[in-house]
Every structure is written in structure tokens, then in C-alpha cells.
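Here the sequence shown stands for residues -19 to -1, 1 to 694, numbered as in mature numbering (1 follows the signal peptide of the UniProt record, and there is no 0). Read through the structure below, which is laid out as C-alpha cells, and then see the notes.
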Amino acid sequence: MRTTFFLHAWMCALGLASAGCGGPEIPRRDCATVIWAEPGAGGDIRVEGSWDDWAEPKPLEPRDDGWFLLPLNLSPGEYGYRVVRDGERSLDRLNPLTTWKGEEEVSLAIVESCGAPEIRVDAVEVSGDEVTVSGVFLAAPEGSALDPASLRAEHRGGGEVLPWSAQASDGRFTFVARGLGRGKHTFTLRGADESGAEASPRMAVAWVDPAQASWHEGLLYHLMIDRFRGDGGAPLAPLPPDKSGSRAGGTLDGVRAEIERGTFDELGVTALWISPVYTNPIEVREGRGDGRPYEGYHGYWPLESRGVEPRLGGEDALRAMVDEAHRHGIRVIFDLVPNHVYERNERYLARRNEGWFNDGLDKCVCGSPGCGWGEKLSTCWFTSYMPDVRFEHPDAMRAQVDDAVHWMKEFDADGVRIDAVPMMPRGATRRITHAFGRLAAGKDALFSIGEVFTGPGAAGIESIRYFLGPHTLSGAFDFPLMWKLREVFGHGGGSLSELEDVLVSTDAAVEGAGAVLGRMIDNHDTSRFVSEVTGDGANDPWYDKPAQPTDPTVYARAKMALAFILTLHGLPVLYYGDEVALAGAGDPDSRRVMPDPAALGPLQIEVRDLVRRLGHLRRCSPALRAGRRRPIVATRDEYAYLRDAGDDDPVLVFFARKTALVPVPTGAAPLGSYVDVLSGETIEIEAGGAVPLEALSFRVLVRAGSPCMNPSP
């Protein structure tokens, strides 16, 4: 049998661990670090580590149940180690955490201080407007029992102390909060033992009537704060060509106002991804590769690793925006930029000579001669003024992880989009997600989705898969599908059947990872979809900006692509302006200001109405949120699939690039009367029948009489 190993923090606590722990009168922490090997491992199995300066490897001892183990009594801290099996050294494959021994990646053991008691949350349950938080208070090994009077739960936003019960004899506790309003409720649990020793606070997160039950059922809206809306939701003036890289004046209050106005509710949006809010430098810098003037309007030049940009509104505006989103049941994820800092960031100035950054002889700008993206991806600087963090240094790693935790705790955020994932070692994202798991308990308490920017095809899918798994990112953006959508819907090339091929291969690649894939038609680093359709996507993004199209065919193609991602499994991602088919070449033109609704043309309004209807259909329909997908037909110019949650309320989706009667093979879909939720037309699905479609059109069908038959804001 294959040998596998894992690191286990062994806690003996009144039925909370295996036999052999003894029988203390009260549950206590046991922070012994134990390295395990599974039954049947065989061979000579040893472990060596930094705890004794990598001295002679220690053997694992067999147990009666067939397992092998090595208990280690270590002081609090971080330790690197390797497993040595029959003389061959390797990572501990079931421990996802790693660190570095010189240039070699090794497994990581994190040993916490055991001198204080611990609060552990076992369950966070929501029933209507009631939330129940339960867990156990673990005394320190030599400490006193729980002081029940000290145990309390602080309700974020109100400081509310909830009805509770706590037992000193077994350490069990339960808090119940009733009559809670819609939105997010974050509880911070605190307590002490009878001697006054306090446990580290523990967070528990619960949602009452959220817009999404899980991230697999959501609709994510990505916006660039500076280009979205001004204070109070005021529309922004378009930037002149020579100011394309300058600030446009968008603010966090502008986002808050649009949430309050119901703009995102109308679109069926369940979560917001906002651009980075770090304090950025004021000075104008030369752009990467084009020599043109740019400001840090976008947020990706962290001057202060924990400061909120005053020009966006500062900390108070950020809290107000997040709170408003939560009142609407909408989650908010921050854009985390751990790969680099701005050159005047205090951390760089203080630590540049201590090995925290890829500096010195290795300093090179990505893509410059001798510093290719492929050969230097993990060490190159994105620009000459953005020092690249060297995660191999344990203190640098810890600082970036602590930053991520700070943003979540301080502003009650719901997760992160992590920038430039492939430019960092995989161990960095794993450390961040591990820290999130330690920070907060509750279903989907903290989400993490990574930017793994790839090209099309199998190589792109494999690149994404490498960063997914049960102990790392919650998801990633599906760039290979985005490129294929542009080809088949945008340019009319290839075959619609290739969409099915991409979906099948991608689903197979990520199966078992538990990950959600973000499905989009464009983003802030690419040209806009409609400008790709018109052939203007490669225009100069400063002085040859694509015009907003007037050809209905262009909008028909955009609507097909949007209908596809909004009816697909995964997490649809709308980049601000997608809902009105906003034009744009590459960066910075892909980051135009959000149009004033009063200035939209009729074709743009049609696209917005489509997104609204399908966004609400997705919220309504279990089939679209969580149902399985099964192809009905996939040919060069015709494509159809079934979404079915097993509730006798399926959704059928049809696409055609040419006028056609799209066949429905016998047994491919339930028979009966359906309604096209966009046109209101009744369609009969008969054995061996067909569904009529015009060229460059689609249908989204639900059963006649379905509660989701008339989706509207």
C-alpha cells in the first residue's frame, strides 16, 4: 500500500480524541505534535526536522492498530521537516503546509502555545432568524477549569451578549441568538479559566437569508472602485485619452450607494469582488511596457499593506460599504495582493536587506531580456518599482499571511481574490487558506479564489488544477473557457461542440478538489468581449479606443456568451459593464468608467434586461444553482444542455449560431410544455422533436407552471 503521512495536533479532550489519552476530569488541550504513517506503510520510515537542526532522522514507532507515529514535544514555533522512507526524502503529502530549508521546500509543523485555554467552535447552525453556536472550552494542560461566567459572545455591530449555557464540568457551551435580521452575523467568542487566563478569541460566522446558500450557487460581480461610481452613486465623467491611466474619482461610498439602491439585487448578484483598497502612491509612474503615465487608481501598488486608500474613502467608507452589502445578504471579497509591494512600502524599506524580497542579483523585471515569464515567474518583479516578496523567508511569509488575516478580521470581509497566484510558491496560498480556517468557523466563512491567468486548452486547465485541492484555494477563474467563448461565440470560429469538450475536460481535472470555477467572458486584464467581436480588441487602449458598437449582431453574440455563463454550473462572474456590453480594448481601456444609465443605448439596455432576468432565474432555480448538467446536443452550430436538480423543475438551454431546428433526442430531456423565460413563448418538448432557433440566438426553457417561469427583479 502506498505510504502517506500527515501532521496531527493531538488533543485529548473527553471523548474528542482516540483512546489512550487518559481521563482528565475536564477537557484539556494537548498540543503534542505527532507525525503519522498509515497502516501498511512498511519499510523504514523516519522523520528529520529543524527541531534538532536536521540531526539523525528519528524512526516512527508502530501501534497496535497498524499506524506508525512519532510524538514530538516541541516549543511553540514553526518547524520544517522531511519524511525519510528507505533513505528517500520527501514531503509529508497529507500535510499541505510547507516552508523552506534553503532552496528546498519541506513540510511545515506549526506548534501553538499551550499555556492558555482554547475555545473551539464545533457547529454554527442557522434556522430561520435563529443562530446556534456550540463548541467546547479546552483548559490548558496545567490550567484551571472553565469559568462559565467569563464565556461571552460579542455580536459584531451591536456588542450583544447572547443567551448562553456553559458547563465547567465538560467545557461544553452553546450560544443562541434569536430575532436576527437578514445578512451576516459575526460572533467573537471569548472566555477565561478560573485563574483568569484568557483563551484566544474565536470567530463564528452565520448568514440569515443570504443571497447565496454557497459559493457554488452564487453570482459574482467584479468592480474597479475608482471606475465605478462617485460618492452617493454619482456617475463618473469619461477620462480623456491622455488621462486613461489616471484616477477617475470612483469611491467606496459610490459602491455603497449602488448596493443601497438595489442595483446588484436587480442583477441577481450574490457577491461583490472589489478592487484592492490598499493605500497606493500619489505619484505618476511609467506603465509597464508602454511608457505611458499611470496612477495607482487600480490599487495594485500597495504602499501601505494595511492602510485603506483615503481617496477611495478610507476605513469608515470601507466598513460602511461592507455592512450595507451584508444587510442585502451580499458577500464581499477583497482583492488580496501578496506577491509584491510598492517600492516605498515600509516593509520593503525595513527588510530589503534581510532576504524578504527577491532582490540583489536576482532582481529582474518579468519579461525583460534574460528574465522570461517562464523561467523567472516566481522571482521576477512585475515592474521596476514593485519589489517581489520572497516567500521562502519564513518571516516574509508570515507577514503576508498576517496581512490577509488582518483584512478579514478588521473589516468583516467574506474572503479574497488572490492576485498573481502562479507568481508565488503554492505554499503561500496554502498558508493563507490555512490561516483563514483557523480564524473563523461556519459554512463558507471565508472564501478564496485565485487568479491563475492561463492561455487556452489543456495546458491552461492543468495550470489551474495545480493550485486547487481540499487544503488550498476554494476556487479559481476559468480562463481556458473564457478564451473558447471568445472564439466560438465572439468570432464565430471553431465548433460549439468544443465548449462541451472544454467543460468535460475541466470538470474531470478538478474533480474531487471541492473547488468552484469562476466563469467569465472578460476581465480587467483583457479586452472587452464586444470589442473582440468587432475586431477592435487589439486597438491602442489610449488613442484608438473602440467605439461602442451599433450593430445588433455584436450584441447578439455578447448575449449568447452571457447566457452561457449564467446558465452554467460554477460561479458566473460579471465584470462591471458586462451587463451593458461595454466596449474596450486592453488595459487601461478595459477599465473605462461605468456608463451613466441615462446614456445607455437601446441595445445596451437589452443586454442589461437579459442579465437581470437570467440573474433572477439563477437565484430562483435550484437546477441552475446546483443541478447536474447533461448535454442534449453538441454540433458545430448547435448546442443544448439540461440542468436538473431532481425536483421536476429542470432548465433546458439551447444555442444556435445559424437558423435551425435543434433536435432533442429521445430520452435527452423530460417531455412536456416549457416556457422560454426570455420571450414568454410556449415550447413543446416531444419525443424526437426539435426546438426552433434563429441565427445567433438562444432559449432558456423552464416547465410551464414553474415558480421560476417569470424571473424579474
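Glycine residues also receive a C-beta, built at the ideal position from the N, C-alpha and C atoms.
Exercise for the section: Using only the heavy atoms of the ligand SAM, determine whether one of them is closer than 7 Å to the beta carbon of L552. Expected result: The ligand content of the structure shown is nil, which means the ligand SAM is not present either.
Problem - Own chain partners of H387 with C-beta closer than 7 Å, once the 5 adjacent residues on each side are dropped - result: R287
Problem - Through-space distance from A104 to residue 737, alpha-carbon basis - result: The displayed coordinates of the chain run from -19 to 694. Any statement about residue 737 would go beyond what the structure contains.
Practice task
Since I believe G653 is in contact with residue 697 (beta carbons under 8 Å), could you give me their beta-carbon distance rounded to a whole number of angstroms?
Solution key: In this structure the chain extends from -19 to 694, so residue 697 is not present and cannot be described.
Practice task
Reducing DSSP to helix, strand and coil, say where P644 ends up.
Solution key: strand
Exercise for the section: My understanding is that H203 touches W254, with C-beta atoms under 8 Å, so please give their C-beta distance in whole angstroms. Expected result: 4 Å
Problem - Under 8 Å between C-beta atoms of Y620 and R611 - result: no
Problem - Close Cβ partners of A566 (< 8 Å) along its chain, the five nearest in sequence each way excluded - result: S508, R509, S512, D517, G518, A519, N520, D521, P522, D525, K526, P527
Problem - Touch test, the stretch 372 to 392 against the stretch 35 to 52, Cβ-Cβ under 8 Å, three pairs minimum - result: no
Practice task
Just tell me which of D304, S602, V250, N504 has its CA closest to the CA of S256.
Solution key: N504
Practice task
Measure the C-alpha to C-alpha separation of G231 and E239 and round it to an integer number of angstroms.
Solution key: 12 Å
Practice task
Starting from the C-beta of R500, find all residues in its chain whose C-beta is less than 7 Å away, skip the five residues before and the five after it, and write them out in chain order.
Solution key: D459, L462, I546, L549, G551, L552, P553, V554
Problem - DSSP bridge partner residues for W188 (one or two, in chain order) - result: K165
Handout entry: Cα-Cα separation, T169 to S146
Key = 16 Å
Exercise for the section: With A385 as the anchor, note down where its alpha helix (DSSP H) starts and where it stops. Expected result: 375 to 392
Handout entry: Three or more C-beta pairs below 8 Å linking the stretch 183 to 200 and the stretch 420 to 433
Key = yes
Problem - Given residue 714 as reference, the closest of T515, L317, A457 once Cα atoms are compared - result: Since the first residue of the chain shown is -19 and the last is 694, residue 714 is not available in this structure.
Practice task
Give the straight-line distance between the Cα atoms of A218 and V535, rounded to the nearest whole angstrom.
Solution key: 25 Å
Practice task
Could you tell me if G436 is buried or exposed, where buried requires 16 or more neighbouring beta carbons within 10 angstroms of its beta carbon?
Solution key: exposed
Exercise for the section: May I ask which residues mark the beginning and end of the alpha helix (DSSP H) holding H307? Expected result: 295 to 308
Handout entry: Contacts around P533, its chain only, beta-carbon distance under 8 Å, and the 5 residues preceding and following it disregarded
Key = L584
Practice task
Pull up the distance between the alpha-carbon of I502 and that of A562, whole angstroms please.
Solution key: 11 Å
Problem - DSSP three-state assignment for T534, whether helix, strand or coil - result: helix
Practice task
Tell me whether the beta-carbon of G450 lies closer than 8 Å to the beta-carbon of F428.
Solution key: no
Practice task
Using three-state DSSP, classify F448 as helix, strand or coil.
Solution key: coil
Practice task
Go to K82, then tell me how far its beta strand (DSSP E) extends in each direction, as first and last residue.
Solution key: 79 to 82
Practice task
Sort R328, E106, A215 by Cα distance to D190 and report the nearest one.
Solution key: E106
Problem - Simplified DSSP assignment, three categories, for R684 - result: strand
Handout entry: Neighbourhood of R300 by C-beta, 8 Å cutoff - its chain only, sequence neighbours within 5 removed
Key = F392, D393
Practice task
Provide the residue span of the beta strand (DSSP E) that contains D103, from first to last.
Solution key: 99 to 108
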